[in-house]
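Asks: According to this note's numbering, the stretch in the sequence shown is residues 26 to 143, in order.
Submitted below is the structure of interest, expressed as structure tokens.
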Amino acid sequence: MNIKEKQAVEVVRDLLCDVCLDSTRFEGGSLRYGVLQAHWGSGSAHDGERYEVHLCERCFFQAVANLKQERRIQTMFGENDNDRLTDDFGVVVTDDFFRDGGSFDRYTVNPGSNDKID
Ligand SMILES: [Zn+2]
């Protein structure tokens with residue numbers, strides 16, 4: 026026997042980009058956004074602080090472009106090949122259309138490096 030009652034459930038109706046304040050909801054109803062997040066631990070200047078910035082696609086890739094530019098500046102006079110900036114800066118997986126891990130992960134040998142498997 027089912028005993029039923031009505032309960033109020035909170036749902037996310039929309040999610041606004043924290044930079045441009047545009048909705049991240051696309052036609053069809055899905056939310057599409059990127060998240061820049063950090064949880065700073067012991068010893069850091071921001072110990073105990075957590076950050077979460079939601080970005081629409083345009084603002085996310087503008088942020089990536091800004092970080093790539095900063096990387097270029099920081100490594101401008103470096104002589105190490107690891108300082109080279111590639112077009113896939115920040116990309117971990119490609120072809121992950123169904124969130125199943127994708128078909129190609131180029132950075133499994135040494136995550137965070139520019140060592141490619143291909
Ligand atoms: Zn935005």
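Beta carbons: idealized from backbone N, C-alpha and C, even for Gly.
Just curious, the alpha helix (DSSP H) that ARG38 is in, first and last residue?
Replies: Reading the sequence shown from its first residue, position 13 is the one you call residue 38. Per DSSP, ARG38 belongs to no alpha helix (DSSP H) and is neither H nor E.
Asks: Cα separation between VAL118 and GLY126?
Replies: As a working mapping, residue 118 is identified with position 93 in the sequence shown. As a working mapping, residue 126 is identified with position 101 in the sequence shown. Their Cα atoms are separated by approximately 7 Å.
Asks: In or out: THR49 buried (at least 16 other Cβ within 10 Å) or exposed?
Replies: On the sequence shown, position 24 is the one that residue 49 refers to. Its Cβ being crowded by 16 or more others within 10 Å, THR49 is buried.
Asks: Just to check, is the beta-carbon of ASP39 closer than 6 Å to a non-hydrogen atom of ligand 1?
Replies: By one-based count along the sequence shown, residue 39 stands at place 14. Incorrect: ASP39 has no Cβ contact closer than 6 Å to ligand 1.
Asks: Specify whether the segment 65-77 and the segment 93-112 touch according to this definition: at least 3 beta carbon pairs, one from each stretch, less than 8 Å apart.
Replies: The segment 65-77, when compared against the segment 93-112, does not touch it at the 8 Å Cβ threshold.
Asks: Closer than 6 Å to a non-hydrogen atom of ligand 1 - does that hold for the CB of VAL44?
Replies: Counted from its first residue, the sequence shown places residue 44 at position 19. Yes.
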